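Numbering (this note's numbering), first residue to last: 310 to 539.
In structure tokens:
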């Protein structure tokens with residue numbers, strides 16, 4: 310069965326349209342990788358709920374490489390592969406419990422956000438979105454600042470700026486990518502509240518991983534869907 314492509318107008322070519330890929334990539338290899346990603350995510354989430362540390366340590370590092378493989382199979386942008394590999398580095402570092410591991414993980418994710426920002430380019434974001442994300446950034450940093458360890462305040466604030474910028478710019482690629490960026494932001498916000506010693510929701514690790522993994526998935530699919538087919 311042939312794949313169907315959604316036709317969308319492009320702002321840089323008035324009166325013309327490009328053929329874009331479907332949101333869910335076609336092809337056997339793509340479907341297998343998506344199923345493998347879903348299985349790894351379910352395994353990771355189940356391990357977190359069951360407090361099975363070994364299962365979490367096995368499943369979590371599989372997530373981003375599977376998405377990176379999906380991008381490679383569908384000849385997606387190299388910067389997207391780089392962003393996902395940086396996410397994998399952050400995932401692995403955050404399996405540790407030390408402040409050094411936390412900083413290394415945050416640094417790896419920060420590099421991933423820079424890859425995303427470069428990838429998103431200068432595409433237009435929805436009107437008013439910069440105000441929404443700007444207020445969210447200032448409010449979150451101001452609220453968290455007093456509870457953060459002194460040595461983490463500046464790194465967390467800098468990382469928050471990059472993360473919020475990525476989430477804001479992701480809205481330029483459409484609904485799926487925009488939701489993905491927002492979920493990534495919320496996931497990391499929950500982590501930051503834990504670092505600031507705020508009360509945590511029940512099963513916080515479960516929600517952090519669910520929001521993060523789905524966020525990365527939607528960012529990946531949103532970017533792939535915006536690749537034109539000529």
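Even for Gly, the Cβ is constructed at its ideal location relative to N, Cα and C. None of the values given here were measured: they were computed from a predicted structure.
- Annotation: residue 506 is outside any alpha helix (DSSP H) and is labelled neither H nor E by DSSP.
- Bounds of the alpha helix (DSSP H) holding residue 462 are 459-479.
- Between the segment 429-443 and the segment 378-387, the count of C-beta pairs closer than 8 Å stays below three; the two stretches do not touch.
- For residue 525, the uninterrupted alpha helix (DSSP H) segment begins and ends at 513-534.
- Residue 366: member of the alpha helix (DSSP H) spanning 362-368, first to last residue.
- The residue from 508, 500 and 495 with its alpha-carbon nearest to that of residue 523 is 495.
- Residue 484 is classed as exposed because its beta carbon has fewer than 16 other beta carbons within 10 Å across all chains shown.
- Judged by DSSP secondary structure, residue 353 falls within the alpha helix (DSSP H) whose first and last residues are 337-358.
- Around the beta carbon of residue 399, 16 or more other beta carbons lie within 10 angstroms, which makes this residue buried.
- Residue ranges of uninterrupted alpha helix (DSSP H) with 4 or more members, entirely inside the segment 420-463 and ordered along the chain, are 438-453.
- Cβ neighbours of residue 506 within its own chain (closer than 6 Å, five residues either side excluded): 456.
- Between the C-alpha atoms of residue 448 and residue 442 there is a straight-line separation of about 10 Å.
- Residue environment analysis places residue 397 among the buried positions, since at least 16 neighbouring C-beta atoms fall within 10 angstroms of its C-beta.
- Nearest to residue 376 by alpha-carbon distance, out of 362, 365 and 391, is 391.
- With fewer than 16 other beta carbons inside 10 angstroms of its own, residue 406 counts as exposed.
- Excluding residues up to 5 positions away in sequence, 426, 429 and 434 lie with their Cβ nearer than 7 Å to the Cβ of residue 478 in the same chain.
- Residue 384: not part of any alpha helix (DSSP H); DSSP gives it neither H nor E.
- A distance of 8 Å or more separates the beta carbons of residue 475 and residue 489.
- If you ignore the 5 residues before and after residue 499, its C-beta comes within less than 8 Å of the C-beta of 509, 510, 513, 516, 517 and 520, all in its own chain and listed in chain order.
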